[in-house]
Amino acid sequence: MEKKQSLLKSFTNPIFKENPILVSLLGLCPVLIVTDTFDKSWGMGIAVLLVLIFTNVCISLIRKIVPNEVRIPVFIVIIACFVTIVDLLMQAFTPTLYESLGVIISMITVNCIILGRGEAFASKNGVLASLLDALGSGIGFFLSVSVIGLLREFLGKGGLTLTNPFTGQVIFSAYPLEDYAISFLADKAGAFLMLGIIVGIYSYVRIRIEEKETKKLATAEVK
Amino acid sequence: MEVITSLVIVFLVAMVTNNIVLSTGYGICSYIGVSKNRKSAIGMGCALVFVVFMASLVSYFLEMLLVALNIEFMQTIVFILVIASLVQLVEMICKKFLPSLYQSLGIYLPLITTNCVVLYVTKQICDVEAILIAAGVSGSLANNGFFNFLFAMVYALGTALGYFLCITLMSTIRNRIDYSPVKRGFAGAGIALVTTAIMVLAIGGLSGIF
Amino acid sequence: MEILYIFIVLAVAVSLFCLIYYLNSKTKKPDNCSSLPEECESCKVIFCRNKKTDKDDETKEK
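Chains as they are written, first to last, in the numbering used here: chain A, 395 to 617; chain B, 716 to 925; chain C, 39 to 100.
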């Protein structure tokens, strides 16, 4: 029962409490570049999720064979191989998404989320736990990147465009607030500003929740 | 003569108007952590300039080899391995022969392996014509092999110095922010990102000047 | 034919990297270097500060 609880915790922890982007501030590189449009954001989120799952499972499988001195080089090679695989897969199956993302997919190799989770968690825990941790971190990254992309596109261009990644067809495209759009948010400066505001608000909310919990514990102890 | 002015233009464009952090947003990975302190920022910047220069030197020729062998899709893997081994080699040489340099710079060398800037620059110099067109210089200058190499090196050096400039400025600003009252949630990363947004606006005003 | 090239290039690069990394981890740090705080290793770079230079700065300010 305890094992099940700790497994479940390793899945839910990275989504909200230790969100890789908003709390640990790892892997900010793609966030600023990819959140220009909502399509690119969730496409990138899926790519990072896939790479995370593959590398975590692989690292967890070979963790007992690899000698301790050459751990980091082996991890880097594994990550680079899987990134190349995902890159080629995206080039084949989702060509329009690949064209709009470009070189950022190769940048997943130096994304700190993957190396960080691999080193901190997957190299010490079993396959199922690493898989759940990868799913959690990937979903955390996907959620935060998608939310930021959604906000930036909605406020910066006044609407939304959804395209099918496999065929490039536009599913839904509406720009109702185009005349009131804050076009500043669609540029790089807006990326930094939006990310700073969201990180600030998230950390403020977390601080308040923690204060309430410590107050509750203090009053419970007094009673 | 036209080549020399183009070289200077490419250098200045890579360093100032197309600054890698403030204009394309690539170097953010370790930016927030390292720019807290002026000494860390200068150390990280210098180490990065050195590693970027050496890595682009090696990867320029490696790309030619990969194209000749027709295995271009191995670019990411080979480049990241080259960058990582170069960083380890530099650290080893610093430890053995230049211990005073290691004391000031060597600490930031492992951070550079996972820095987006190095991989981005090594990938960009594979296509020098695109660099020249982005800088507003005629793309036909890249036809000669030697000039191609010169432009690539100048671009790499300019980009790395641009990162150094940005991170040093950010650290001095953050030193001042430390004395100001900041709202609770925003202290640290939040206010740093908002300040960077203002810096992006300032640099954006210089676009097209060359 | 290309698969052979891939294997050769990968083998050379990976073995070179592993060798250099191993040699680097075996060379000792010079004597005066303070050991790096754990937050500064590779990806945990959020709060990276050199503790020795911090102490120097504090004594200087006083």
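Note that CB positions come from ideal geometry on N, CA and C, so glycine has one too.
In this text the structure is predicted, and so the values were computed from the model without any measurement.
Test item: CB-CB of residue i and residue j under 8 angstroms
i      : j      : result
B/S774 : B/T837 : yes
B/A871 : B/I840 : yes
A/L455 : A/P559 : no
B/I918 : B/S750 : no
B/V852 : B/V725 : yes
A/L554 : A/L579 : no
A/I601 : B/R899 : yes
A/L422 : B/I888 : no
A/G534 : A/N450 : no
B/M779 : B/L801 : no
A/G437 : A/L495 : yes
B/Y835 : A/M501 : yes
A/L526 : A/S418 : no
A/V477 : B/T791 : yes
B/S721 : B/L856 : yes
A/G532 : A/I427 : no
Backbone secondary structure at residue i - three-state DSSP
i      : result
A/I427 : helix
A/L571 : coil
A/V460 : coil
A/K397 : helix
C/V50  : helix
A/T557 : strand
A/F566 : strand
C/K90  : Low local confidence applies: a pLDDT of 47 at C/K90 is under 50, so the model's placement there is unreliable, with the coordinate-based value given in what follows. Reduced to three states, the DSSP call for C/K90 is helix.
C/I58  : helix
B/L824 : helix
A/P489 : helix
A/I576 : coil
B/L921 : coil
A/P467 : helix
B/V897 : coil
Residue-level contact to chain A via CB, residue i, 8 angstroms cutoff
i      : result
B/R891 : no
C/Y59  : yes
C/K90  : Confidence at C/K90 is low in this model, with a pLDDT of 47, below 50, so the placement of that residue should be treated as unreliable; the coordinate-derived value is given next. False, the Cβ-Cβ gap to chain A never drops below 8 angstroms.
B/T829 : yes
B/Y835 : yes
B/L796 : yes
B/I848 : no
Minimum Cβ-Cβ distance from residue i to chain C less than 8 angstroms
i      : result
B/S886 : no
B/S800 : yes
B/K810 : yes
B/E717 : no
B/Q803 : yes
B/I929 : Lying before the first or after the last residue shown, residue 929 of chain B is absent from chain B, which here runs from 716 to 925.
B/V793 : yes
Reference residue i, options the options, closest by Cα
i      : options                        : result
A/C452 : A/E463, A/K411, A/I473, A/S400 : A/I473
A/S597 : B/A912, B/F901, B/S922, B/M914 : B/F901
B/V793 : C/K64, C/L42, C/M39, C/F55     : C/F55
A/Q485 : B/V797, B/M914, B/F788, B/Y817 : B/F788
B/F864 : B/L772, B/G760, B/V766, B/N733 : B/L772
B/V796 : A/T608, A/I470, A/V477         : In the sequence on display, residue 796 of chain B carries Leu and not Val. Measuring from the Cα of B/L796, the nearest candidate turns out to be A/I470.
A/I415 : A/I508, A/T613, A/K617, A/D573 : A/I508
C/L61  : A/F487, A/V464, A/I409, A/L529 : A/V464
A/K582 : B/I735, B/V718, B/E717         : B/I735
B/T911 : A/F586, A/I603, A/V593         : A/F586
B/F866 : B/Y878, B/I848, B/T883, B/C881 : B/I848
B/A756 : B/F776, B/I786, B/F879, B/L824 : B/F879
Any chain B beta carbon closer than 8 angstroms to residue i
i      : result
C/A51  : yes
C/F55  : yes
C/V47  : yes
A/G550 : no
C/K93  : For C/K93, the pLDDT reaches just 49, beneath the cut-off of 50, and the residue's location in the model is therefore unreliable, leaving the point undetermined.
A/I595 : yes
A/L444 : no
A/M501 : yes
Any non-hydrogen atom of the ligand COA within 7 angstroms of residue i CB
i      : result
B/I913 : For the ligand COA, the structure offers nothing, since it holds no ligand at all.
Exercise. Residues in the segment 900 to 924 of chain B with C-beta within 9 angstroms of chain A's C-beta atoms, listed in sequence order?
Worked result: G900, F901, A902, G903, A904, G905, I906, A907, L908, V909, T910, T911, A912, I913, M914, V915, L916, G919
Exercise. Relative to chain B, which residues along the segment 468 to 487 of chain A have a C-beta separation below 8 angstroms, given in chain order?
Worked result: I470, V471, A474, C475, V477, T478, D481, L482
Exercise. Between the segment 731 to 764 of chain B and chain A, which residues of the former have a C-beta closer than 9 angstroms to a C-beta of the latter?
Worked result: L737, S738, T739, G740, Y741, G742, I743, C744, S745, Y746, I747, G748
For this session: Report the residues of the segment 452 to 466 of chain A with a CB closer than 8 angstroms to any CB of chain C, ordered along the chain.
Result: E463, V464, I466
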